[in-house]
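Be aware that the sequence shown starts at 642, since it is given in my numbering, and climbs by one per residue.
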Amino acid sequence: QVQLVESGGGLVQPGGSLRLSCVVSGTAFSMYAMGWYRQAPGKQRELVAEVTYSGNRQNYVDSVKGRFTISRDNAKKTVYLQMNSLKPEDTAVYYCNRSPALAYWGQGTQVTVSS
């Protein structure tokens, strides 16, 4: 059974930084591309960043390019999202999942950007 456990969210002021982590179990982690997704209140969940199975290529949605960095550690079965220069519009629940996503989702981690 796949388990996705996200952590690292919190309340941060605009311009601040956070680093999210996601530990994955129950699947062959190193064989799949992984992504970070987010869902803001009243909006659909969107993919914001993805990384290939090897970690050597990343893609980002335009709104986070230059501010967010996705990475992974296959030995630790963990994917990370470094978020810098945070904006209020980054406020959302952040989830990790494969890319494309599985039907199963973890509980996510809340990121709130507010002064």
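Backbone N, C-alpha and C define an ideal beta-carbon position, used for all residues, glycine too.
Note that the coordinates shown come from a computational prediction; the quantities given were computed from them, not determined experimentally.
Spatial neighbours of residue i in its chain, beta-carbon cut-off 7 Å, leaving aside the 5 residues before and after
i      : result
Tyr694 : Ser671, Met672, Tyr673 and Ala674
Pro729 : Pro655, Val754 and Ser755
Ser726 : Gly656 and Arg708
Val664 : Val646, Lys718 and Thr719
For residue i, the residue or residues it bridges with in DSSP
i      : result
Val646 : Val664
Gly676 : Glu691 and Asn738
Ala733 : Val752
Gly651 : Val752
Residue i - containing beta strand (DSSP E), residue span
i      : result
Asp714 : Phe709 to Asp714
Gln699 : Gln699 to Tyr701
Tyr721 : Thr719 to Met724
Gln751 : Thr750 to Val754
Leu727 : Neither: Leu727 is in no beta strand (DSSP E) and is coded neither H nor E.
Residue i vs residue j beta-carbon contact at 7 Å
i      : j      : result
Val720 : Cys737 : yes
Among the options, nearest to residue i - alpha-carbon criterion
i      : options                           : result
Val705 : Lys717, Ala690 and Asp714         : Ala690
Leu661 : Leu743, Gly651, Ala669 and Thr668 : Gly651
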